[in-house]
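Line order of the protein sequences matches chains A and B.
Heads up, the first sequence is in our numbering, so the first residue is 1 and it goes up one at a time.
Heads up, the second sequence is in our numbering, so the first residue is 293 and it goes up one at a time.
Note that CB positions come from ideal geometry on N, CA and C, so glycine has one too.
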Amino acid sequence: MGVEVLQVTKTYDGRVTALDRVSLQAESGVLGLLGPNGSGKTTLMSIMATLLEPTHGTIMMDGLDVRKQKPEIRRRIGYLPQDVALYPNLTVYETLDYMGLLYHLDDAKDRNRRIERSMERLNLTHLRDRLVGTLSGGMRQRVALGQAVLPDPSVLIVDEPTAGLDPEERIRVRSFFAELARECLIVLSTHIVADIEAVASTLAVLRFGKLRYFGTPEELLTTLEGRVWTLDLPADRRAAPPEGFLETGIYRLPGSIRVRGIAERSPGAGAELSPPNLEDAYVWLMARETDA
Amino acid sequence: MHKPSPRIFGRLLRLGITAELRNPAIRLLGLAGLLGAAVFGWQQEGAAAVTALNLAAWLSRAYGVGACLWLGYAAIRDQNEQLGGVLRSKPVDGAHWIVLNWAIGLGLWLVLLAGPFLGAALGQLRSSGAYSLLAEAAGFVQAAQILGFASTISFALSRMMRSPLGGILTVLAWFCALAGFGYIPTYLQPDYTQNRLTYLAAAALLLAVAGLFWERFRRGELRRPAGSLAVVLGLLALTAAGATHAYQVNPRPDNKVPSIWDQISNQNLAEGRRIPGFWLPDGKGGLVRTSDYPGKVLVVYLFTGSDPDAGRALAALAAVGRELKDQGVQPLGVCISADHGDGAMLARTGGLGFPIGSDLSTLSTGKGGSAMLAAYDVDTLPVLVITDRRRIVRQILRMPFADVAELRRLVQEQLQESGV
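Dropping the structure here:
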């Protein structure tokens with residue numbers, strides 16, 4: 001179990017560089033890929049899923065080279081792209097059965113056991129005879145996740161799994177990842193920082209195809225210790241932020257607004273130090289690159 | 293690469309077809325086909341073999357076009373949808389996945405095609421017994437071969453082009469071929485000026501596709517260009533052959549300078565020109581001849597015996613003929629019917645009081661199916677022709693007239709213009 005990305009570069013038509021010499025590795029838990037749209041997350045995941053070839057470098061999935069051992073890798077991974085389209089006229093059970101057959105789970109008893117287990121883990125058992133087309137977006141996403149874990153993958157690659165889900169479904173999916181991370185490595189791409197905060201044990205931040213941060217979320221937060229401030233201002237007197245103050249959030253309070261941000265020293269009277277969170281760190285990383 | 297066993301492939305196929313058959317529109321189509329054919333079969337009682345042949349001819353084209361378009365889209369559906377990404381990340385052999393996709397589409401349309409044949413067999417069970425099942429099964433096999441062949445070409449072409457346009461091109465090429473072999477109505481064939489653009493467009497599109505393949509081959513994107521080019525060029529050849537054949541079979545009179553022979557054989561009906569003369573048997577041992585009525589206003593009615601309105605129209609013609617006889621109005625009936633007894637029976641037993649001739653050369657009531665229709669350049673019946681006293685055509689009515697009053701008005705207008 002594990003992913004090792006070795007100096008991977010991917011260019012399209014020799015002009016657009018989607019990934020630029022990216023290197024990282026993860027053994028277990030959840031590897032969170034964070035970055036704005038167009039940062040190269042999906043390209044990196046597509047290479048991991050053997051759907052794209054890297055232009056330079058390679059990725060070792062579970063010790064296997066994505067350039068040379070595609071069939072073997074495909075047997076060991078689960079992949080869930082964003083907005084996966086399933087047959088709307090098959091029931092939940094039939095959908096998982098269909099996908100199981102495509103995974104070459106040929107033994108009917110074994111396949112059935114895996115389907116039942118998958119449905120149980122994702123709280124789909126009571127929906128087994130419902131047509132997929134009649135399910136809500138969150139339920140469908142759970143069915144899609146169910147098919148991805150059918151072969152007991154050693155690496156599960158999921159692209160934006162919580163996009164468009166309501167808070168309850170989002171929490172359910174996160175809980176599932178937290179539980180599954182004990183059994184396999186999950187590579188999770190998202191631009192929702194809260195998803196990463198909830199489950200990621202390792203974090204990689206990408207911007208313009210380059211790796212801007214790789215490490216644990218805790219290490220990243222440590223770098224911001226003592227630099228995150230909150231400041232309450234009157235609601236009708238919103239002044240420009242002080243020099244050197246990087247805003248990371250604004251919250252409306254009764255009669256005032258609370259500004260949260262990063263500064264080397266206190267931004268003004270009444271400012272209080274706050275513990276940093278990943279959202280602060282993400283904005284800080286992106287701003288650093290912009291300044292650069 | 294792991295290859296799926298036939299059992300696994302069969303289960304995937306069954307699940308795929310099940311998913312498609314749960315589509316309400318597909319169910320409706322299936323039900324309509326079953327019930328429609330059951331009613332048709334019931335009406336055609338005792339003629340199971342003929343029913344099966346007719347159904348095979350019609351359904352192979354109707355369902356074949358549907359299957360071509362469906363498979364043209366199904367061929368590239370997995371490339372358009374994210375499901376393709378999921379599938380490509382699985383240990384699925386690409387070739388098997390393509391075959392599975394094709395088999396699901398074809399299986400679905402074979403199930404749909406089987407519906408009408410089953411319906412017809414059930415509709416005829418009472419009159420033909422188990423023989424109806426056998427006959428309809430044979431008809432199904434015949435139609436399934438055509439549907440399978442056309443839709444497979446459509447699937448292959450769309451797959452190679454990475455576009456559902458392959459399905460449309462296949463239908464166009466098939467259409468051209470059908471025209472060439474006379475299997476589609478005359479008015480849709482390329483000898484009609486307004487249809488030529490369709491055939492030209494089909495040929496141009498196929499040429500463009502051939503060029504597209506050549507370009508992809510030049511860029512090194514096609515590993516096996518021979519197969520792709522063979523399919524496109526085959527379709528192009530089919531189109532060209534069909535169109536050429538159609539042009540040869542149906543030369544357009546205005547497309548060339550007519551020969552003297554053409555002018556003699558095609559004395560087409562036109563206002564302001566003399567009505568083409570005819571001699572026809574009258575069913576009583578005599579002849580009906582236009583030359584027998586010099587100086588009369590002729591009201592010539594061309595009809596077919598199977599037209600349910602013919603009886604009413606002939607009665608109106610007889611009434612007007614009697615009423616305006618003194619003013620020189622002479623009705624003449626011309627029966628165009630494959631059943632040569634139709635006209636004779638009307639002449640002998642109709643009590644109409646005016647002669648009815650029968651065109652005994654009639655094989656069908658379509659253009660070219662009878663010497664009279666070919667000479668008069670008539671596509672659809674009935675036709676009413678009113679001449680002046682010099683037998684110059686003054687009015688051609690290509691629709692059934694409403695009643696006696698309308699016919700009387702039309703003839704009286706002509707009499708007034710003739711100064712009577």
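Confirm, please, whether the CB-CB distance from residue j to residue i is below 8 Å.
i, j, result
"residue 128 of chain A", "residue 92 of chain A", "yes"
"residue 131 of chain A", "residue 88 of chain A", "yes"
"residue 683 of chain B", "residue 590 of chain B", "yes"
"residue 143 of chain A", "residue 95 of chain A", "yes"
"residue 627 of chain B", "residue 650 of chain B", "yes"
"residue 734 of chain B", "residue 411 of chain B", "Shown here, chain B extends from 293 to 712; a query on residue 734 of chain B therefore has no answer."
"residue 405 of chain B", "residue 436 of chain B", "yes"
"residue 233 of chain A", "residue 257 of chain A", "yes"
"residue 30 of chain A", "residue 181 of chain A", "yes"
"residue 561 of chain B", "residue 571 of chain B", "no"
"residue 2 of chain A", "residue 65 of chain A", "no"
"residue 655 of chain B", "residue 606 of chain B", "no"
"residue 716 of chain B", "residue 394 of chain B", "Absent from the model: residue 716 of chain B. The displayed extent of chain B is 293 to 712, so no value can be given."
"residue 32 of chain A", "residue 224 of chain A", "no"
"residue 6 of chain A", "residue 44 of chain A", "no"
"residue 16 of chain A", "residue 59 of chain A", "no"
Beta-carbon of residue i versus every beta-carbon of chain A: anything under 8 Å?
i, result
"residue 303 of chain B", "yes"
"residue 419 of chain B", "no"
"residue 307 of chain B", "yes"
"residue 653 of chain B", "no"
"residue 662 of chain B", "no"
"residue 297 of chain B", "yes"
"residue 545 of chain B", "Low per-residue confidence applies at residue 545 of chain B: pLDDT is 47, beneath 50, and the placement is therefore not dependable enough to give any value."
With distances taken from CA atoms, which of the options is nearest residue i?
i, options, result
"residue 634 of chain B", "B:596, B:459, B:323, B:665", "B:596"
"residue 664 of chain B", "B:704, B:592, B:687, B:678", "B:592"
"residue 178 of chain A", "A:265, A:102, A:200, A:139", "A:200"
"residue 530 of chain B", "B:442, B:576, B:579, B:594", "B:442"
"residue 103 of chain A", "A:148, A:46, A:253", "A:148"
"residue 51 of chain A", "A:41, A:70, A:65", "A:70"
"residue 155 of chain A", "A:265, A:65, A:73", "A:73"
"residue 679 of chain B", "B:708, B:394, B:494", "B:708"
"residue 460 of chain B", "B:605, B:346, B:568, B:357", "B:357"
"residue 80 of chain A", "A:60, A:209, A:112, A:46", "A:46"
"residue 695 of chain B", "B:408, B:608, B:503, B:579", "B:608"
"residue 519 of chain B", "B:449, B:528, B:467, B:584", "B:449"
"residue 573 of chain B", "B:632, B:532, B:611", "B:632"
"residue 248 of chain A", "A:271, A:10, A:25, A:282", "A:282"
Give a yes or no on whether 8 Å exceeds the smallest Cβ distance from residue i to chain B.
i, result
"residue 97 of chain A", "yes"
"residue 251 of chain A", "no"
"residue 101 of chain A", "yes"
"residue 34 of chain A", "no"
"residue 291 of chain A", "With a pLDDT of only 44 at residue 291 of chain A, under 50, the local geometry of the prediction cannot be trusted, and the value read off the model is given with reservation. No, no contact with chain B."
"residue 11 of chain A", "no"
"residue 112 of chain A", "no"
"residue 221 of chain A", "no"
"residue 94 of chain A", "yes"
"residue 8 of chain A", "no"
"residue 37 of chain A", "no"
"residue 87 of chain A", "yes"
"residue 156 of chain A", "no"
"residue 139 of chain A", "no"
"residue 90 of chain A", "yes"
Would you check whether the ligand NAP has a heavy atom nearer than 7 Å to the C-beta of residue i?
i, result
"residue 613 of chain B", "This structure lacks the ligand NAP; in fact it carries no ligand of any kind."
So which residues of chain D does residue i contact, with C-beta pairs closer than 7 Å?
i, result
"residue 300 of chain B", "Checking the listed chains, one finds no chain D in this structure; the protein chains it contains are A and B."
inquiry  = Quick check: the segment 699-710 of chain B against the segment 605-618 of chain B, are at least 3 beta-carbon pairs closer than 8 Å?
reply    = yes
ask   = Touching or not, the segment 186-201 of chain A and the segment 18-36 of chain A, by the rule of three or more beta carbon pairs under 8 Å?
value = The segment 186-201 of chain A makes contact with the segment 18-36 of chain A: 3 or more CB pairs, one atom from each, lie closer than 8 Å.
message = Assess contact between the segment 353-368 of chain B and the segment 444-461 of chain B, defined as three or more Cβ pairs (one per stretch) separated by less than 8 Å. Is contact present?
response = Touching, yes.
inquiry  = Which residues of the segment 311-324 of chain B have a Cβ closer than 9 Å to any Cβ of chain A? Give them in chain order.
reply    = 311, 312, 313, 314, 315
key: Validate contact between the segment 161-170 of chain A and the segment 107-127 of chain A using beta carbons, cut 8 Å, 3 pairs   = no
message = So if I threshold CB-CB distances at 9 Å, which residues from the segment 446-458 of chain B count as touching chain A?
response = none
request  = Closer than 8 Å, Cβ to Cβ, to anything on chain A: give me those residues from the segment 594-606 of chain B, in chain order.
outcome  = none
task = Check whether the segment 300-313 of chain B touches the segment 259-275 of chain A, counting contact only when three or more Cβ pairs, one atom from each stretch, lie closer than 8 Å.
result = no
ask   = Just checking, does the segment 133-143 of chain A make contact with the segment 319-335 of chain B on the three C-beta pairs under 8 Å criterion?
value = no
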